[in-house]
Structures are given as structure tokens and as C-alpha cells.
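Participant: This is the structure I want to talk about, given as C-alpha cells.
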Amino acid sequence: MLPEELAEEFAAWGEPRYRVPQVLDWVFQKRAGSYADMTSLSKSLRARLTETHPLHTMKIAQVQGSRDTTQKFLFRLHDGRYVESVLIPANRSALGDMSDRRTICVSSQVGCAYDCKFCASGLAGFTRNLRADEIVEQILQVEAHSGQRIDNVVFMGMGEPLANFTNLARAIRILQAEWGAGIGARHITVSTSGLAPQIKKLADFPLPVRLAISFHGATDEVREHIMPVNRKYPLDVLMDALDYFRRKKKQKITLEYILIAGVNDRAEDAVALVRRARSIEAKVNLIPYNTVEGLPWERPTEPAQDAFLAVLERGGVPATIRREKGHDIDAACGQLRLKQEQAEAAAAS
Ligand code: SAH
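Using my numbering, read the sequence shown as starting at 1157 and increasing by one per residue.
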């Protein structure tokens, strides 16, 4: 809840207004584990809150990786569904730059409806949107577990964040608020498969966020082949929305481009990407494809990756290659959850 909503609720309960900052302080600064811990509140208020506004409704079901590498968290939600978050330590920023930030990659939905052909998240289809608290909770719990403050949030986990716009916007407000998680302005990146109207909506939204696009194909032919969303919003429509966003927000956009052998890694693909990136002055982040069990796609060889990068550089496009750090821990989107659900299904049958 936002403070103004909590204030309304408390007013209706006859609670004094100063209870609102007290509760927020317990949740976000003191990081209380339950209402019972909030000893400055009256017993009756604690009981009422426990009943009406369940706190910390999700549990860490599994952690993979170690403290100084990429760590992956599997969360079990109140309804038994699973989502994943990934903690990326300093110097391994998900955006490829050598930053000293601790980054968390969070999920926005259970499953995904967009059916990108290379992605594990969509394999089991779409289940539901995450609520704003389930998005925020991923950050709070990973911070508590790792004992580290997170200073960068990327919406590059499971789901399509812009298809869950209302909860996304609410979560971002809570994450950026001083009374909330206190993530700095511009340290939140939303990644989208390319929902053009929502990109414009985000541009008009008074929140400082960065934008990354899962581009993956610089012609309609290639992009459509691996991303069905391109049929709904073809590249010209998408580029128009991106141009609107960067002008409105006065910001560089990142085009993420997974390199898949024989699919989008030819020299002509790189040339087409140069043209698209230059048209909106975007930077490009190349990501060698992470293989997914059961899917046929493969990453190109390193020399092939380097050749692709060289075309971008010659074309004057700022570009980096993200050499995946989490390959060994199922860090490609949705893979951990898929395994968990398969294991549970096997146990039940
Ligand atoms: N739906 C949003 C948010 C998910 S971001 C979006 O599409 O941007 C997750 C990123 O990981 C996307 O760029 C996605 O294309 C990429 N991805 C998915 N599967 C992958 C894989 N197997 N290897 C590498 N990147 C992958």
C-alpha cells in the first residue's frame, strides 16, 4: 500500500495518523519480520494488521550459487506458484557495464503470455500477474538473505512487466520512495519484449526509469520468427515508440540482443541492427544465448560473437557483450521454476 492509502485505512480504524510512518519505518527501515515485532504499535493494531494485511506472504524455497557469484532465488508465493529473482554481485551488472552496483533481477509475472520461442519463462504459459507487494518483496527478502543493500533493480526476470503496468508502476513508486526501499532514481530498468503502446505510456509516466528492449531481431522477418509479439507491434511501430520514449525521458535506450546460432547472428543481421540502433541512438547489449533444456537453440561460437560485435563497433554503435555469469545455475529466465514445477508434477503423479 502507498502511505496515503494506509492513512485512509487507519483513519477509518480510528488510528492516529503518526502510525503510518511508524509502520512504514518498521517494514522498510527496520525490516521487521512480522507485525508482532513492531513493538511501538499497540497490541490491537498489530492484531488487526496481522489479520487484514498479511506481511511477507512469500518464502524463499531455494537458493543457488554462492555469495560472491550470481545467486538465484526461487520464491514460493502464497498460492503455491513460483517466481525467480537473481542477485548479481558488483561488477557483474546485468546491463554489461562494469558497475560497482549490486543488481537484482526481478520477476513481474508468474509465467508469461508472449511466447518468445527461445525463452523458458513462457514454456508453461501465463498464470497471473504479480501484485506490487510480491514485486517489492523480492528485493526485501534478497537483501535480508544476503545481508547486502541492493542498489539496482532490473525487471528482467520472469514475465512481461509492461503487461502488468499498474502493479509495476506501484512497485516502482514503493521501491524509489524515501519512505520505501530507497532505490535511487534511474536505478531501475524495465525490460520489455516490445509492447509499443505501453512503452509510450511509460514515457508519459512521471517516474525515472530506464528502458531496455528485448530486440533480438533487426528485421521483421527474423524478429517475427522468434518473437510472436512482433506480429502485433512490428519494428516500425516499435521504433516509433522507442523514439517517443527517448525524447520524452531524454535517455539512451538499451537494445538487448541474444545471439542465437544461425538465427540472428549473420553479418547482415548485424548490419540491420546497426541501422536500427543508430536511428534512435541506442546502445546494444549482446547476450550469447543460454541454452534451455528442450529447446533447439544454441549460442554461436565466441569468434562468431566477436565478429558480430565488430560490425556494431565499426558501425559506430556503443555495444557490449554480456558473457553470462549464471549459465551453470539455470540463470536463464524461468529455468529454475520450470524444474521445480516439473519435479512437483512428477512427485504428485
Ligand atoms: N518480458 C521482458 C522481461 C524479461 S527480460 C522482456 O522480454 O524483456 C528477460 C531477458 O532474457 C529478455 O531479454 C529475454 O529475451 C532474455 N532471455 C530469455 N531467454 C533467454 C535465454 N535462454 N538466454 C539468454 N537470454 C534469454
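Just so you know, even glycine gets a beta-carbon here, dropped at the ideal spot from N, CA and C.
In this text the structure is predicted, and so the values were computed from the model without any measurement.
Please specify which runs of the beta strand (DSSP E), each continuous and at least 3 residues long, are wholly inside the region 1332-1390, giving them in chain order.
Facilitator: Listed in chain order, the beta strand (DSSP E) runs fully inside the region 1332-1390 are 1344-1348 and 1366-1370, counting runs of at least 3 residues.
Participant: In three-state terms, what does DSSP make of residue 1407?
Facilitator: coil
Participant: Using CA coordinates, which residue listed in 1407, 1447, 1346 and 1337 is at the minimum distance from residue 1181?
Facilitator: 1337
Participant: Could you please give me the residues that DSSP links to residue 1243 through a beta bridge?
Facilitator: For residue 1243, which the question treats as bridged, DSSP gives the partners 1227 and 1260.
Participant: To which residues of the same chain is residue 1204 closer than 8 Å at the C-beta, ignoring the five residues directly before and after it?
Facilitator: Leaving aside the five residues that flank residue 1204 on each side, the residues in its chain whose CB is nearer than 8 Å to its CB run, in chain order, 1169.
Participant: What are the boundary residues of the alpha helix (DSSP H) that residue 1584 is part of?
Facilitator: Missing from the structure shown is residue 1584; the chain here goes from 1157 to 1505 and no further.
Participant: Got a sec, what are the start and stop residues for the alpha helix (DSSP H) residue 1177 sits in?
Facilitator: 1175-1180
Participant: Which first and last residues belong to the alpha helix (DSSP H) in which residue 1452 is found?
Facilitator: Segment: none, residue 1452 is in no alpha helix (DSSP H) and carries neither H nor E.
Participant: Out of curiosity, what's the CA-to-CA distance linking residue 1157 and residue 1462?
Facilitator: 47 Å
Participant: Which partner residues of residue 1444 appear in the DSSP bridge assignment?
Facilitator: 1415
Participant: Is the beta carbon of residue 1316 within less than 6 Å of some heavy atom of the ligand SAH?
Facilitator: Taking 6 Å as the cut-off, one finds at least one heavy atom of the ligand SAH near enough to the beta carbon of residue 1316.
Participant: Should the region 1258-1270 be called in touch with the region 1232-1248, which here means at least 3 C-beta pairs below 8 Å?
Facilitator: yes
Participant: How is residue 1199 classed by DSSP in three states: helix, strand or coil?
Facilitator: In the three-state scheme derived from DSSP, where H, G and I count as helix and E and B as strand, residue 1199 is classed as helix.
Participant: Do residue 1353 and residue 1376 have their CB atoms nearer than 7 Å?
Facilitator: no
Participant: Do residue 1441 and residue 1412 have their beta-carbon atoms positioned less than 7 Å apart in this structure?
Facilitator: yes
Participant: Going by C-alpha distance, which of 1299, 1330, 1306 and 1258 is nearest residue 1288?
Facilitator: 1330
Participant: I need the DSSP call for residue 1436, collapsed to helix, strand or coil.
Facilitator: coil
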